[in-house]
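Visitor: Structure below; questions to follow.
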Amino acid sequence: LPGEGRWGTVLLIDGNIGIGGDPVALLARAARLVRPGGHVVAEVEPPGAHSRAMTARLESSRGVSPWFAWATVGADGFEHLAEAAALRAVGLDVGGERWFGRAVRP
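So for the sequence shown, this note's numbering puts the first residue at 312; every next one is plus one.
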């Protein structure tokens, strides 16, 4: 991606922290995109929701996709995942009914 290591913020919303089924790997990739002091903001499930890896597929009236790896991350687990990705968790924010974990690249 252009400007790798120079971005100010990476924003993962609408469950995109689950892409690939490995949130630590995705957060680590996001950490490589932001500059030192840059932020990674990821939408997470509310407190009390469990983090888990799974397989999923998309279904519509036009067809069904192949199975793919996916994950969900609960707010309670965000700090641990961020630290495993070499980020420093700095808090949780709520917007309406949506929860967001914030982390910074040291």
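Cβ atoms here follow ideal geometry from the backbone N, Cα and C, with glycine treated the same way.
Just so you know, these numbers come straight off a predicted model, no measurement behind them.
Quick check on this structure: which residue in Leu337, Ala341 and Trp410 has the alpha carbon closest to the alpha carbon of Pro313?
Guide: Of Leu337, Ala341 and Trp410, the residue nearest in Cα terms is Ala341.
Visitor: So, for Ala339: in the same chain, excluding its five sequence neighbours on each side, which residues have a beta-carbon less than 6 Å away from its beta-carbon?
Guide: Around Ala339: Ala396.
Visitor: Please find out if some non-hydrogen atom of the ligand ATP comes closer than 6 Å to the beta-carbon of Glu370.
Guide: Summarising the ligand content, the structure contains no ligands, and the ligand ATP is consequently not present.
Visitor: Is His350 near Gly385, with beta carbons less than 7 Å apart?
Guide: Cβ distance not < 7 Å, so His350 and Gly385 don't count as in contact.
Visitor: Does the structure place the segment 352 to 366 close enough to the segment 401 to 413 that three or more beta carbon pairs sit under 8 Å?
Guide: Touching, yes, given that three or more Cβ pairs across the two stretches are closer than 8 Å.
Visitor: I'd like the span of the alpha helix (DSSP H) that includes Val335, first residue to last.
Guide: Residues Pro334 to Leu344.
Visitor: If we call anything under 7 Å between Cβ atoms a contact, is Ala393 one with Ala382?
Guide: Contact flag unset, no.
Visitor: Tell me which residues share the same chain as Leu337 and place their Cβ nearer than 7 Å to its Cβ, disregarding the 5 neighbours each side in the sequence.
Guide: Once the five neighbours on either side are set aside, the close Cβ partners of Leu337 are Ile328, Ile330 and Gly331.
Visitor: By how many angstroms is the C-alpha of Val345 removed from the C-alpha of Gly388?
Guide: If I take the Cα positions, the gap works out to 22 Å.
Visitor: Who are the Cβ neighbours of Val335 in its own chain at under 7 Å, not counting the five residues just before and after it?
Guide: Result list for Val335: Leu392, Ala395 and Ala396, in chain order.
Visitor: When DSSP builds the beta bridges, which residues end up paired with His361?
Guide: Answer is none; His361 lacks a bridge partner.
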